[in-house]
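Under this note's numbering, think of the first position of the sequence shown as 219, with each following residue one higher. Just so it is clear, CB atoms sit at the ideal spot from N, CA and C, and this is done for glycine as well. Below is one structure, written out as structure tokens, with a few remarks after it.
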Amino acid sequence: MVTVAIISFPFVFQAQSAPTLKELVDAAMTKDAAIEQQNLESKLNSLDLQKLKDVFLPKVEISGKGGYLNTRANFISPEIAIPAIKPIFPGAVFPEGSFNNNFNFSGLFGAANAEAKVLLYSGGKVKYLKEALTEKENANKAMQVKNQDEVITQISTAYDQFALVIESKKVLDESKKRLDANKKTAEKALGYGLITPYEYKKIELAEATLDSKMVEYEGKKELLITLLNLLTGIDKERIALINPKLEKIEYLVADTDISNRTELRAIDHGMKAIDAKIKAEKTWWIPKVQASTSLAYLGLYNANISSSKALIPGTNQKLDSDLTNFSLFPIFQAGVGFKWDVFDGNEGKHEVEKAKIEKEILESKKSDAVRKLQLNLVNNQTNYNITDSQVEMKAKAKQIAKNALTQAEKEFRYGLIKSTQLIEAENDLENTELEYQTAIFNQRRAAIELMKSTHNLSIEKL
């Protein structure tokens, strides 16, 4: 008898969930080109800052060379008088040029040198350049916040458009249900002769128009799915599951101070960077101190030294000698030196003046930015107030249209109105419902822009 054991393994299928607005924004942050470029700028600034720190590290060089040396020297003596040493040497006078001789030196040579240098004092320039780079990085980070706000704005707009499309679908579905019910009523009325075939055709035309709007909805939804997929990299299947709801954003401006706006903070950091750059350029005249030490070797091989004439006038003893191998090691030196640019051709002065002009440009940009940001805040506050009130007005209009349609349906059943009037009431409700959702969408856009105006935008508030 053969026993077969069947082992079952539990399979757990995890249903995909729709991405939240926060997940969409976080994913878009990682793909945004502007933010990526600013991150790369930060890396460059970090490398420049590290480079400045490494200025005070020792620099070690090892060098060597070898070759053939051939040189000639000419010696013309002045007048030389040798006093007499009685009774050994009677004395002598050698007139100028008596020792006019050419000496020739040739041979192979080799040399090696190891040298270490370290900067002890840069005149304060490195310190100020570090400050300039730090402020430059702070300005970059400030602008990065601005780009993050732009990403939040872009993604939230697409997200709310998705919600607007879905709400439109709900409106169309409700219209479809009402139209189907009214069509059945119209069919009965047509059979009893209460309405004409023309009036019945109006119902069919409204039905065809509604079907075309359904097709338009599907196209808009697919477009938004593709857009969010490109911006975030999240799978289309998950994005298609999004089912957000449009709700008003209640936002009260507690502080109208715009000094904390990222644009202004970036300019402030930029001016501080220029101040540090000016201080750095002013150090051109301060001496720079450096310590150095070296260890060297020098060797001569198969060398020869010779003269064209006798070494002593009146003799035939020319110099012609082969030198044995000769070397010097170690040749060691250590010390501290300084470099002082007493006059640099006004280069440092020109750089200082150039930096001052750059600061004046930033000051002008800041003044212009303050005016524009103040105007932008007033404009956004006005838009928010208008769109906020529009939501209430559209809500009232929707309720009125809904009541009117209910009344029109009753009157149509009793043959008191024609089908065209019923369709008009249906279209009025459909339009007011869509206008109401659009009003909420616009109110959310205005609220987000107002938050950006006061540097108070966050996903949690959306």
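Roughly how many angstroms separate the alpha carbons of residue i and residue j, rounded to a whole number?
i: Ala334; j: Gln508; result: 10 Å
i: Arg479; j: Ile666; result: 15 Å
i: Trp503; j: Ala484; result: 32 Å
i: Pro505; j: Asn288; result: 41 Å
i: Tyr416; j: Lys402; result: 16 Å
i: Tyr515; j: Gly566; result: 40 Å
i: Phe293; j: Asn319; result: 5 Å
i: Tyr286; j: Pro548; result: 22 Å
i: His673; j: Glu578; result: 26 Å
i: Gly284; j: Ser510; result: 24 Å
i: Gly633; j: Tyr410; result: 11 Å
i: Ile617; j: Met247; result: Per the sequence shown, residue 617 should be read as Gln rather than Ile. C-alpha separation (whole angstroms): 41 Å.
i: Asp244; j: Ile373; result: 10 Å
i: Lys683; j: Ser671; result: Within the shown structure, residues of the chain are numbered from 219 to 680, placing residue 683 beyond reach of any answer.
i: Ser430; j: Ser393; result: 13 Å
i: Asp586; j: Val596; result: 16 Å
i: Arg396; j: Ile677; result: 38 Å
i: Asn603; j: Leu267; result: 48 Å
i: Lys590; j: Leu580; result: 15 Å
i: Ala613; j: Tyr435; result: 23 Å
i: Phe231; j: Leu242; result: Because the pLDDT of Phe231 is 41, which lies under 50, any placement of that residue in the model is unreliable, and the question is left without a value.
Which of the three DSSP states is assigned to residue i in this structure?
i: Thr450; result: helix
i: Asp646; result: helix
i: Ile294; result: coil
i: Glu465; result: coil
i: Asp559; result: coil
i: Ala332; result: strand
i: Ala236; result: coil
i: Thr474; result: coil
i: Asp272; result: helix
i: Ser539; result: strand
i: Lys506; result: strand
i: Ala521; result: strand
i: Asn319; result: strand
i: Asn682; result: In the structure as shown, the chain starts at 219 and stops at 680, and residue 682 therefore has no counterpart that could be examined.
i: Ile460; result: coil
i: Ser226; result: The pLDDT assigned to Ser226 is 42, lower than 50, so where the model puts this residue is not dependable; a value taken from the coordinates is nonetheless given after this. Coil, per DSSP.
i: Gly409; result: helix
i: Val220; result: Note that Val220 scores a pLDDT of 40, beneath 50, so its modelled location is shaky; the value from the coordinates is reported in the next line. Val220 falls in the coil class under three-state DSSP.
Which same chain residues end up closer than 6 Å to residue i when comparing Cβ atoms and leaving out the 5 residues on each side of it in sequence?
i: Gln185; result: Residue 185 falls outside the range modelled here, since the chain spans only 219 to 680, and no answer is possible.
i: Ser524; result: Asn322, Leu537 and Asp538
i: Thr605; result: Asn660, Gln661 and Ala664
i: Leu541; result: Ala521
i: Ala494; result: Tyr346, Glu349 and Ala350
i: Ile421; result: Lys401, Ala404 and Ser637
i: Ala223; result: Its pLDDT being 42, under 50, Ala223 is placed unreliably by the model, and nothing is read from it.
i: Gly517; result: Gly328 and Ser545
i: Ala252; result: Asn365
i: Tyr551; result: Note on residue identity: the sequence assigns Gln, not Tyr, to residue 551. Cβ within range, chain order: Ser512.
For residue i, which residues of its own chain have a beta-carbon under 7 Å away from its beta-carbon, when the five flanking residues on both sides are left out?
i: Leu675; result: Asp367, Ile370, Ile666 and Met669
i: Ser526; result: Asn319 and Asn320
i: Leu442; result: Ala376, Gln379, Phe380 and Val383
i: Leu412; result: Gly633
i: Gln362; result: Ile253 and Gln256
i: Lys557; result: Pro505 and Lys506
Measure from the alpha carbon of residue i to the alpha carbon of each residue in the options, then state which is nearest.
i: Lys439; options: Thr289, Ile384, Ile413 and Glu644; result: Ile384
i: Asn520; options: Phe327, Asn318 and Leu428; result: Phe327
i: Ile635; options: Thr414, Ala330 and Leu595; result: Thr414
i: Ala622; options: Leu647, Gln592, Tyr346 and Val363; result: Leu647
i: Tyr654; options: Lys466, Phe630 and Met489; result: Lys466
i: Arg290; options: Lys271, Ser324 and Val273; result: Ser324
i: Val471; options: Asp486, Asp266 and Thr600; result: Thr600
i: Gly555; options: Asp453, Glu425 and Leu338; result: Leu338
i: Ile641; options: Ala330, Glu627, Asp391 and Lys240; result: Glu627
i: Glu569; options: Leu591, Phe630, Ile492 and Gln639; result: Ile492
i: Leu448; options: Lys240, Ser671, Lys249 and Leu652; result: Lys249
i: Thr501; options: Lys406, Leu239 and Asp559; result: Asp559
i: Ala407; options: Glu629, Ile658, Asn649 and Ala657; result: Glu629
i: Ile476; options: Ala613, Leu593, Lys614 and Lys572; result: Leu593
i: Ala360; options: Asp391, Leu482, Asp272 and Gln268; result: Leu482
i: Ala714; options: Leu652, Gly451, Val588 and Gln268; result: Because the chain in this structure spans residues 219 to 680, residue 714 falls outside the shown range and cannot be described.
i: Asp391; options: Lys583, Glu425 and Tyr418; result: Glu425
i: Lys497; options: Gln535, Met432 and Glu571; result: Glu571
Which residues in the same chain have their Cβ closer than 8 Å to the Cβ of residue i, if we skip the five residues on either side of it in sequence?
i: Lys679; result: Ile467, Tyr469 and Met669
i: Arg456; result: Gln234, Ser235, Ala236 and Pro237
i: Met219; result: Note that Met219 scores a pLDDT of 38, beneath 50, so its modelled location is shaky; the value from the coordinates is reported in the next line. Excluding residues within five positions, none has a Cβ falling inside 8 Å.
i: Lys354; result: Asn263, His487, Gly488 and Ala491
i: Asn564; result: none
If you measure from the beta carbon of residue i to each beta carbon in chain D, is any gap under 7 Å?
i: Lys388; result: The structure shown has no chain D; it contains just one protein chain.
Per the contact definition of three or more C-beta pairs closer than 8 Å, is the region 446-465 in contact with the region 256-271?
With a cut-off of 8 Å, the region 446-465 and the region 256-271 do not count as touching, because too few Cβ pairs lie within range.
Would you be able to state if there are at least three C-beta pairs under 8 Å between the region 631-645 and the region 343-361?
The region 343-361, when compared against the region 631-645, does not touch it at the 8 Å Cβ threshold.
Pair every Cβ in the region 373-390 with every Cβ in the region 260-280, then say whether three or more of these pairs are closer than 8 Å.
Too few Cβ pairs lie closer than 8 Å, so no.
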